[in-house]
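Data block below; observations after.
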Amino acid sequence: DNDDMTEVINYTKSNYGESNPEYFGAAKEMNVIYIHLESFQNFLMNYKINGEEVTPFLNSLIKDPNTLYFDNFFHQTAQGKTSDAEFMLENSLFGLPQGSAFITKGQNTYQAAPAILKESGYSSAVFHGNNGTFWNRNEIYKSFGYDHFFDANYYDTTVGEDMAEYGLLDKPFFEQSLDYIKALPQPFYSKFITVGNHYPYKMDQNLTTIDKANTGDASVDDYFQTARYADEAIEQFIGELQKSGLYDNSMLVFYGDHYGISENHNKAMEQIIGKEITPYESTNLQRVPLIIHVPGMQGGINHTYGGQIDLLPTLLHLLGIDSQNYVHFGTDLLSKEHNNVVTFRNGDYVSPTIYSIDENFYDATTGLPLDDDNQLEKAIEYKKEVDKKLQLSDKVVNGDLLRFYTPAGFSKVNPSEFNYNQGVT
Ligand code: GP9
Ligand code: MN
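Heads up: the sequence shown begins at 223 in UniProt numbering, then just goes up one per residue.
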């Protein structure tokens, strides 16, 4: 009820991280192009198979002077997988401990990115070569205020060799998306959800351009081929954005949604990373890339600890939009006040100094159990903070609490206004 909402607002206000003047507005009035890197773990970056880079394009992109690359960025998803990642980046709310909020909470009131940006004159669209009903996207996107959803209906899915298990392969997907993105009113907020690099990573060998790994575990070995394919598809797409001129006035954000290789494959993964996979190393493997390219922005490798919950405030501040009045559980990664304790959905956390895994505390740099009393005290304090955050976020989502609070300057979303079957109008 309303009291719960007051508690939540008090919390999110105290959790707010003020924007960093060096970055605030760096992407002002630019288009936003999110590229969802399916099942893409950070260890793929700069990894080589038989001397060859797996992701040469992304590796070169992170060296671009206008690119920020976050190398301590973690996924925070649970059973909702892709949908959890999307839920966090659109709302800065956590997914639910069980199931998928996309499916069970599709009718809630949200103050999601497309609706926030609409106030600044942005149109919005999602591109995805799978059926719109998957993860209940065609419903919840309306509650988020998305103007357009280009699902499988908008793509030619009749060519067998173009298809992956969860929809159109990334190369034809990006190619066929071009006319749609060019037709969007600018500035726009958009998201491209790829599917080629999805478990079990089987791919027509005629389409592959790099060797498999040779651990003997098929899904681990094939993962590098589908990741390479995604890298090539993105390179082609970026080339087209450059040709069209969109590249010069767009902010690009690439993020991995969740792990691709589960703990069931630890034996093979030990060969890949050359280390024993302890709970500590398994946690390290939950890093996913976050790459932000903004024309004219000061780039570099940023070691800040953060996760998907932090994307929305980071994005809004880069666009020069104040986020203080919104109910966000993350903080701007570029803020001097950024909260660098990264909350996992199961109550575990990582931070630059301490990891908490299954109620055990570890030194973040050595991976050894924590024994120093001061550090242990801090570890317990962090743990309380993490539990509190999850509990309050769950209150918002389970109680549909945003219906009791409309931030100043925000117009409530009316989901029935949207119809995703009529193309670009
Ligand atoms: C399906 C795709 C995959 O449309 O987004 O979702 P996942 O299985 O990764 O949650
Ligand atoms: Mn996924």
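Even for Gly, the Cβ is constructed at its ideal location relative to N, Cα and C.
Note that the coordinates shown come from a computational prediction; the quantities given were computed from them, not determined experimentally.
Residue i classed as buried or exposed, judged by whether at least 16 other C-beta atoms fall within 10 angstroms
i, result
"Ala405", "exposed"
"residue 657", "With the chain running from 223 to 647 in the structure shown, residue 657 is simply not present."
"Glu308", "buried"
"His420", "buried"
"Glu312", "buried"
"Gly247", "exposed"
"Thr526", "buried"
"Leu590", "exposed"
"Lys270", "exposed"
"Thr647", "With a pLDDT of 48 at Thr647, under the threshold of 50, the modelled position of this residue cannot be trusted, and the question is left open."
"Ser322", "buried"
"Ile495", "exposed"
"Ile338", "buried"
"Asp286", "exposed"
"Glu260", "buried"
"Asn272", "exposed"
"Pro535", "buried"
Separation of residue j from residue i, as counted between CA atoms
i, j, result
"Asn620", "Lys327", "8 Å"
"Pro243", "Leu266", "33 Å"
"Gly521", "Pro409", "23 Å"
"Asn636", "Ser236", "30 Å"
"Lys605", "Ser466", "48 Å"
"Thr505", "Tyr481", "11 Å"
"Asn488", "Asp439", "10 Å"
"Phe371", "Ile514", "23 Å"
"Asn436", "Ile231", "52 Å"
"Tyr423", "Asp570", "29 Å"
"Leu391", "Glu462", "17 Å"
"Tyr238", "Glu454", "38 Å"
"Phe583", "Leu598", "8 Å"
"Gly418", "Tyr388", "8 Å"
"Ala452", "Ile460", "12 Å"
"residue 667", "Thr431", "Limits of the chain in this structure are 223 at one end and 647 at the other, which puts residue 667 out of reach."
"Arg450", "Gln398", "20 Å"
"Phe295", "Glu503", "15 Å"
"Asp378", "Asn352", "11 Å"
"Asp594", "Ile499", "24 Å"
"Thr628", "Asp226", "15 Å"
"Lys611", "Phe551", "7 Å"
"Thr228", "Val608", "19 Å"
"Gln333", "Gly528", "22 Å"
Coil, strand or helix - residue i by DSSP
i, result
"Pro336", "helix"
"Asn591", "One point to set straight first is that residue 591 is Pro, not Asn, in the sequence displayed. Three-state result, Pro591: strand."
"Thr565", "strand"
"Thr430", "coil"
"Ile257", "strand"
"Lys413", "strand"
"Thr647", "Reliability fails at Thr647, whose pLDDT of 48 lies under 50, so the model's placement of it is uncertain and the value that follows must be treated cautiously. Three-state DSSP puts Thr647 in coil, outside helix and strand."
"Gly631", "coil"
"Gln536", "One point to set straight first is that residue 536 is Thr, not Gln, in the sequence displayed. Reduced to three states, the DSSP call for Thr536 is helix."
"Asn582", "strand"
"Leu463", "helix"
"Leu512", "strand"
"Leu468", "helix"
"Leu555", "coil"
"Gly478", "strand"
"Val230", "helix"
"Asn524", "strand"
"Val381", "coil"
"Tyr577", "strand"
"Ala386", "strand"
"Met425", "coil"
"Tyr402", "helix"
"Phe640", "coil"
"Phe372", "strand"
"Val572", "strand"
"Met473", "strand"
Supposed close pair residue i, residue j - CB separation, criterion 8 Å
i, j, result
"Phe446", "Val276", "5 Å"
"Phe476", "Pro511", "6 Å"
"Gln301", "Ile483", "The pair is not a contact, with the Cβ atoms about 17 Å apart (cut-off 8 Å)."
"Ile257", "Val348", "So it is not a contact: roughly 12 Å between Cβ atoms."
"Met425", "Asp443", "So it is not a contact: roughly 11 Å between Cβ atoms."
"Leu533", "Met310", "7 Å"
"Ile255", "Ser412", "5 Å"
"Thr331", "Asp622", "6 Å"
"Ala359", "Phe324", "Strictly speaking, residue 359 in this sequence is Arg, with Ala absent from that position. Rounded, the Cβ-Cβ distance is 7 Å, consistent with contact."
Sequence ranges, beta strand (DSSP E) only - wholly within the segment 345–370, length at least 3: Runs of the beta strand (DSSP E) inside the segment 345–370: 345–350.
Residue ranges of each alpha helix (DSSP H) within the segment 259–331, 4 or longer: Runs found: 278–283, 303–313 and 323–326.
Segments assigned alpha helix (DSSP H), at least 4 residues, entirely inside the segment 595–632: Annotation: the segment 595–632 contains the following complete segments of the alpha helix (DSSP H) (minimum length 4 residues), in chain order: 595–620.
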